[in-house]
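> If you scroll down you'll find the structure; I have some questions about it.
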Amino acid sequence: MLKEYDVIVVGGGHAGCEATAAAANSGASVLLVTMNMGTIAQMSCNPAMGGVAKGQIVREIDAMGGYSGIVADKTAIQFRMLNLSKGPAMWSPRVQSDRWLFAQEWRLMLEQTPNVDFWQDTVNNVIVKNGKVEGVITSLGLEIKTKSVVLTAGTFLNGLIHVGDKNFGGGRAGERNSKGITEQLIQLGFDHGRMKTGTPPRVDSRSLDYSKMEEQKGDENPSKFSFTNTKKLEKQKSCYITYTNPTVHEILRSGLDRSPMFSGSIEGTGPRYCPSIEEKIERFSERDRHQIFVEPEGWNTVEIYVNGFSTSLPMDVQMKAIKEIPGFENVKLFRPGYAIEYDYFPPTQLKHTLETKLVENLYFAGQINGTTGYEEAAGQGLMAGLNASLKVQEKEPLILRRDQAYIGVLIDDLITKGTKEPYRMFTSRAEYRILLRQDNADIRLTPLSHAVGLASDERLKAVKFKQNQTENILQMLSESSIEPEIANPYLEKAGTSPIKQKVKLSSIISRPQVSLSDIRNNENFNSFELNSFDDECLQQAEIKIKYDGYIQREKEMADKMNRLEDVIIHKDFDYTKLKSISSEAREKLTKIKPETIGQASRISGVSPADISVLLIHFGR
Ligand code: FAD
1 MLKEYDVIVV GGGHAGCEAT AAAANSGASV LLVTMNMGTI AQMSCNPAMG
51 GVAKGQIVRE IDAMGGYSGI VADKTAIQFR MLNLSKGPAM WSPRVQSDRW
101 LFAQEWRLML EQTPNVDFWQ DTVNNVIVKN GKVEGVITSL GLEIKTKSVV
151 LTAGTFLNGL IHVGDKNFGG GRAGERNSKG ITEQLIQLGF DHGRMKTGTP
201 PRVDSRSLDY SKMEEQKGDE NPSKFSFTNT KKLEKQKSCY ITYTNPTVHE
251 ILRSGLDRSP MFSGSIEGTG PRYCPSIEEK IERFSERDRH QIFVEPEGWN
301 TVEIYVNGFS TSLPMDVQMK AIKEIPGFEN VKLFRPGYAI EYDYFPPTQL
351 KHTLETKLVE NLYFAGQING TTGYEEAAGQ GLMAGLNASL KVQEKEPLIL
401 RRDQAYIGVL IDDLITKGTK EPYRMFTSRA EYRILLRQDN ADIRLTPLSH
451 AVGLASDERL KAVKFKQNQT ENILQMLSES SIEPEIANPY LEKAGTSPIK
501 QKVKLSSIIS RPQVSLSDIR NNENFNSFEL NSFDDECLQQ AEIKIKYDGY
551 IQREKEMADK MNRLEDVIIH KDFDYTKLKS ISSEAREKLT KIKPETIGQA
601 SRISGVSPAD ISVLLIHFGR
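The working numbering puts the first residue of the sequence shown at 1, with every later residue one more than the last.
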């Protein structure tokens, strides 16, 4: 009934949607098979995209030609650039999203993408012959042929939902779980594990008293995610902040004996950095309050997401405890919080392309790889979909290095180190943070993506314009001089020492107290015509002037490390031949099969001495 495809994407979550778009836009014929076409790109948990390190990933996805940034811009209800008081390596865009519009916009964009077909069904089986993918079998009994499969089943594989001492099968609240795939993959020789995550209750905004909370407005001059011409927000919706207190904690503790987390009925490991409220009050028992963000779920709904109150405690305990939070005294619940356990596959079983080592042309992306978060899922989905497409077209894969992208760090961490608990991205995971800024994601990645046929010509043109204009600004700033009587009133106001004689404008900009955008708005500086330049380009120029030393230092470090990435290790290399490496290194190297010496050096248990032995063996 259905034709043979280049790529079948299983699952229409964040990973699946980006995989579908990337595979189709890079030239593959794609079928998206998902259990429910009404829940494509559903935000299972918080209605938000981005945040610290995650925002950088969304910018990178956008720079590559993915859709998450565009969808996030079109459906945002609030924008904030986090960490603006820190250096630019830490600036992290975040939006509050309209949950329904987000899913709707994603589906619309996929429907408008050429080369994409849809099929609502559950895949129960991947057809594998001679170690290679040939198709999938669905629960309706269809056998669909394909050259490759990207599996993005999220939290659905044998998903088990817990609320207090009750539990039942499900992939997400109100949705069936998915059975069969785990069992088949185990038969094929894959290792698997169990993880868990949780979500807070949703409540009725009309029942809250906002006068008892602090308002959190969006940025006055909101920015956006996409490097394309999406619009900046003109109106925004506020979030609110309130706190738990000892009474809330006491009520929560009274339910711990019926908590699946503490009674042992949840076996899976939960996200360390996104713990449930019951875990927080136990882990940080010295704290008498925890912050709660009251987040609207959209423009046209009264539903509220209670961020920070994720819980799987019994419903009566949730209801009693939440009423003790200031502003929630008369709260009406829409949905209770719950936890979900699901199967994942340790990602050390994957190559850098996200293709599995065991089955050719089978790719895994998203939560199935042990990650948590929409952004992490979407970044993997894009790379898996793109690489699946490149492979069927017999083209070279695209692998992003750790000094090129957070997405590169994410994938390298997963496949090299593995993860035993839900993995989320942090800026601290990246060793080259000053290179991997949100502002330069397009400069870093659009040319790479364009070269393999994904990012469009328009995107590349925009990057070239940005680079040229930045160079022009830098040249102008380094050639133009400024007199003390013009500069000093501003410098004194900015809290930095006045100049005694004429200096180059760039030397003033290099001072931390001085901001190029303030200078642009200061009429003393009008003669430099800074207003004729684009905001983004001015920002690039300023970052280059202020941080050039750090940027160059990180580049040198990265170049040094990259020399190790050039030493390729054959996948069948026999480590038992190397007598002088440690037995732990031999065991780990044999299991993980690193593709380069660089990757080998990042495996825990492989020491610098082991790497020296490998280098000598490979004649370096
Ligand atoms: P999902 O978004 O789960 O999408 C999977 C898709 O695959 C679905 O569309 C499903 O219908 C489809 N599917 C599954 N199996 C099949 C099959 N066999 N055949 C066809 N289609 C199939 N993230 C955080 O960062 N912080 C949190 O606090 C957090 N809490 C969460 C709480 C809950 C209760 C849940 C469910 C998720 C939570 N998440 C959280 C995780 C976040 O939702 C995921 O990381 C993200 O959605 C993963 O994206 P994905 O594309 O891998 O999978």
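Built from N, CA and C at the ideal position, the CB exists for glycine as well.
Which residues does DSSP pair with Gln78 in a beta bridge?
Answer is Gln96.
> Do you know offhand how far Thr20's Cα is from Leu505's?
If you take the alpha carbons of Thr20 and Leu505, they lie about 48 Å apart.
> Taking all protein chains shown into account, do 16 or more other C-beta atoms lie within 10 angstroms of the C-beta of Lys74, making it buried, or fewer, making it exposed?
That one is buried.
> Along the beta strand (DSSP E) that carries Ser693, what are the first and last residues, could you check?
Only positions 1 to 620 of the chain appear in this structure, which leaves residue 693 out of reach.
> Is Thr590 buried or exposed, if buried means 16 or more other CB atoms sit within 10 Å of its CB?
With fewer than 16 Cβ atoms within 10 Å of its Cβ, Thr590 is classed as exposed.
> Could you check where the beta strand (DSSP E) with Ile137 kicks off and where it finishes?
Start and end: 132 to 138.
> Just to confirm, does Gln291 get its C-beta within under 7 Å of one of the non-hydrogen atoms of ligand 1?
Incorrect: Gln291 has no Cβ contact closer than 7 Å to ligand 1.
> Just to confirm before moving on: does the CB-CB distance between Thr138 and Ile8 stay below 8 Å?
Cβ distance not < 8 Å, so Thr138 and Ile8 don't count as in contact.
> Quick one: Cα of Glu360 to Cα of Lys546, how far?
Cα-Cα distance, rounded: 47 Å.
> Between the Cα of Ile443 and those of Thr470, Tyr432, Arg620, spot the shortest distance and give me the residue it belongs to.
Closest by alpha carbon: Thr470.
> Does Ser285 come out as helix, strand or coil in the three-state DSSP assignment?
Coil.
> Indicate whether at least one CB of chain C lies closer than 8 Å to the CB of Leu414.
In the structure shown, chain C does not exist; there is a single protein chain.
> Any heavy atom of ligand 1 closer than 7 Å to the beta-carbon of Ile368?
Yes - ligand 1 has a heavy atom lying nearer than 7 Å to the Cβ of Ile368.
> Please report the residue range of the alpha helix (DSSP H) in which Tyr344 lies.
Taken as a continuous stretch (DSSP letters only), Tyr344 belongs to no alpha helix (DSSP H), being part of the beta strand (DSSP E) at 338 to 344.
> Could you check if Tyr273 is buried or exposed, using at least 16 other CB atoms within 10 Å of its CB as the buried criterion?
Classification for Tyr273: exposed.
> Do Glu60 and Ala405 have their beta-carbon atoms positioned less than 8 Å apart in this structure?
For Ala405 and Glu60, yes; Cβs fall inside 8 Å.
> Exposed or buried, what is Thr247 when buried is set at 16 or more other beta-carbons lying within 10 Å of its beta-carbon?
Under this definition Thr247 is an exposed residue.
> Whole angstroms is fine: what's the gap from Gly16's alpha carbon to Glu536's?
For Gly16 and Glu536, the distance between alpha carbons rounds to 31 Å.
> Hey, quick one: how far does the beta strand (DSSP E) through Cys239 stretch, first residue to last?
Run containing Cys239: 239 to 243, per the beta strand (DSSP E) assignment.
> Could you pull out every residue in the same chain whose Cβ sits closer than 6 Å to the Cβ of Gly159, ignoring the five residues on either side in sequence?
If we look at Gly159 and ignore the five residues flanking it on each side, its Cβ neighbours are Gly170, Gly171, Asn177, Ile340, Tyr342.
> Would Ser254 and Gly69 be called neighbours here (beta carbons separated by less than 8 Å)?
Result no, Cβ atoms of Ser254 and Gly69 do not sit closer than 8 Å.
> Excluding the five sequence neighbours on either side, which residues of its own chain have a C-beta within less than 6 Å of the C-beta of Phe426, listed in chain order?
Correct list, in chain order: Ala53.
> Hey, would you say the C-beta of His14 is under 7 Å away from at least one heavy atom of ligand 1?
Yes - ligand 1 has a heavy atom lying nearer than 7 Å to the Cβ of His14.
> Within a Cβ cutoff of 6 Å, which residues of the same chain sit near Arg401, ignoring the five residues on either side of it in sequence?
Gly408, listed in sequence order.
> If you run the structure through DSSP and keep just helix, strand and coil, what is Asn158?
In this structure, Asn158 counts as coil in the three-state DSSP scheme.
> Per DSSP, which one or two residues make a beta bridge with Phe618?
Bridge partners of Phe618: none, in fact.
> Tell me which same chain residues have a C-beta within less than 7 Å of the C-beta of Thr180, skipping the five on either side of it?
Before going on, a small fix: residue 180 reads as Gly here, not Thr. Only Asn124, Asn125 meet the Cβ criterion.
> Can you name the residues that DSSP bridges to Gln216?
Answer is Cys239.
> Here's a check: name, in chain order, each residue in its chain whose Cβ is nearer than 8 Å to the Cβ of Ser497, leaving out the five neighbours to either side.
Taken in chain order, the residues that qualify are Leu491.
> Is Met35 close to ligand 1? I mean its beta-carbon at under 7 Å from any heavy atom of the ligand.
Checking the Cβ of Met35 against ligand 1 gives yes.
> Quick check: Glu421 and Pro271, are their CB atoms within less than 8 Å of each other?
Cβ atoms of Glu421 and Pro271: closer than 8 Å.
> Just to confirm, is the Cβ distance from Ser29 to Tyr5 under 8 Å?
Their beta carbons are under 8 Å apart, which means Ser29 touches Tyr5 by this criterion.
> Consult DSSP for Ser254 and reduce its assignment to one of helix, strand or coil.
Helix.
> Does DSSP classify Glu375 as helix, strand or coil?
It is helical.
> Using only CA atoms, which one of Lys500, Lys196, Lys224, Leu32 lies nearest to Phe79?
Answer by Cα proximity: Lys224.
> Decide if Lys500 is buried, meaning its Cβ has at least 16 other Cβ atoms within 10 Å, or exposed.
Classification of Lys500: exposed, given that the 10 Å Cβ count is below 16.
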